[in-house]
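Student: Starting off with a structure, shown below.
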Amino acid sequence: MIIDMHVHSEVSLDSTAKVEEYCQAIQRFRQYHPFHGFVLTEHRVLHRSEEYQRLAEQYDVLILQGVEVDANLGHLLLYGVTDEFLAHVDISHRCLDDREVIRIIRDCGGIAIPAHPFRESVYGKALEQKLEVVEEVTVIEALNGANSPLQNEKAQALLTQHGLKGTGGSDAHYVNRHWFLNCATEFFQPITSMEDLVSALYQGNFRPLVLDTPPWEEL
-17 MIIDMHVHSE
-7 VSLDSTAKVE
3 EYCQAIQRFR
13 QYHPFHGFVL
23 TEHRVLHRSE
33 EYQRLAEQYD
43 VLILQGVEVD
53 ANLGHLLLYG
63 VTDEFLAHVD
73 ISHRCLDDRE
83 VIRIIRDCGG
93 IAIPAHPFRE
103 SVYGKALEQK
113 LEVVEEVTVI
123 EALNGANSPL
133 QNEKAQALLT
143 QHGLKGTGGS
153 DAHYVNRHWF
163 LNCATEFFQP
173 ITSMEDLVSA
183 LYQGNFRPLV
193 LDTPPWEEL
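At position 122 of the sequence shown the residue is numbered 104 (my numbering), and the sequence of numbers has no breaks.
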């Protein structure tokens, strides 16, 4: 299964994309390449909506929900966010303690993955300056569609150096050729729920992908 692990909608204040627009683009893209769904990772909020289930059924697209939070090392993608986790961590906070978030979500049955780990941020170059944090994680975002080639190359090199696994995601904020359907993650087992996704992430049954996108005009 091919899933984009890092997508933003208008719920994230820096995005104007609608979830249905992503679904429509995926449906057209399937003429050229298999594609199964995406994870909404809105900035600092978990937006639960019954509308997502309706869209998932209408377009036959898997829609799951994670969160992207601001932490000391930059940004963390959180999968398997539960009410128990939210009782311990204020995801709206803009400078969470990375190690604490990683530990708590693991204890609550989820997983934290450093996003675009070598991109410049207000905290510096994230993992490039805090490699000790690598000891706390098993997976990083290795391919990010909004990264520079060098940033992705550094992330992928880190996989080999530390025996990590890597995910891929577009980091889409808009539904166009520059933002969407460029990077994703291929899972080697069926994924139908967030529980399935988290289990596969811990088992390591996946790999990051760069997608060969046809001319956007054809979509």
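The C-beta atom is built at its ideal place from N, Cα and C for all residues, glycine as well.
When DSSP labels each residue in this structure, what does residue 22 get in the three-state scheme?
Tutor: It is a strand residue.
Student: Tell me where the alpha helix (DSSP H) around residue 187 begins and ends.
Tutor: Run containing residue 187: none; DSSP gives neither H nor E here.
Student: Which value, in whole angstroms, describes the spacing of the CA atoms of residue 138 and residue 131?
Tutor: Cα to Cα, the separation comes out at about 11 Å.
Student: Using the Cα positions of residue 187 and residue -7, report the straight-line distance between them to the nearest angstrom.
Tutor: If you take the alpha carbons of residue 187 and residue -7, they lie about 30 Å apart.
Student: Within 10 Å of its beta-carbon, does residue 90 have 16 or more other beta-carbons around it, so buried, or fewer, so exposed?
Tutor: Buried.
Student: Residue -1 by DSSP, collapsed to three states: which one?
Tutor: Coil at residue -1, not helix or strand.
Student: Leaving out five residues on either side along the sequence, give the residues of the same chain with a beta carbon under 7 Å from the beta carbon of residue 120.
Tutor: The answer, listed in chain order, is 146, 147.
Student: Tell me which same chain residues have a C-beta within less than 7 Å of the C-beta of residue 86, skipping the five on either side of it?
Tutor: Closer than 7 Å at Cβ, skipping near neighbours: 67, 70, 71.
Student: Would you call the region 171 to 184 and the region 43 to 62 touching, i.e. three or more CB-CB distances under 8 Å?
Tutor: Verdict: yes, contact present.
Student: In this structure, does DSSP put residue 47 in helix, strand or coil?
Tutor: Of the three classes helix, strand and coil, the one that applies to residue 47 here is strand, per DSSP.
Student: Which value, in whole angstroms, describes the spacing of the CA atoms of residue 27 and residue 129?
Tutor: Each residue's alpha carbon lies about 23 Å from the other.
Student: Would you report the Cα separation of residue 50 and residue 13, rounded to the nearest angstrom?
Tutor: Cα to Cα, the separation comes out at about 30 Å.
Student: Could you check where the alpha helix (DSSP H) with residue 128 kicks off and where it finishes?
Tutor: That residue, residue 128, is in no alpha helix (DSSP H); it is neither H nor E in DSSP.
Student: Starting from residue 97, trace the beta strand (DSSP E) in both directions and tell me its first and last residue.
Tutor: Run containing residue 97: 93 to 97, per the beta strand (DSSP E) assignment.
Student: Is residue 162 buried or exposed, if buried means 16 or more other CB atoms sit within 10 Å of its CB?
Tutor: It counts as buried.
Student: Considering only C-alpha positions, which residue in the set 123, 15, 82 is nearest to residue 141?
Tutor: Closest by alpha carbon: 123.
Student: Tell me the rounded alpha-carbon separation between residue 182 and residue 191.
Tutor: If you take the alpha carbons of residue 182 and residue 191, they lie about 16 Å apart.
Student: Look at the Cβ atom of residue 150, then the Cβ atom of residue 21, and state whether they are nearer than 9 Å.
Tutor: Against a cut-off of 9 Å, the Cβ pair of residue 21 and residue 150 comes out as no contact.
Student: Should residue -9 go down as buried or exposed, given a rule of 16 or more other Cβ atoms within 10 Å for buried?
Tutor: The residue in question, residue -9, is buried, as its Cβ has 16 or more Cβ neighbours within 10 Å.
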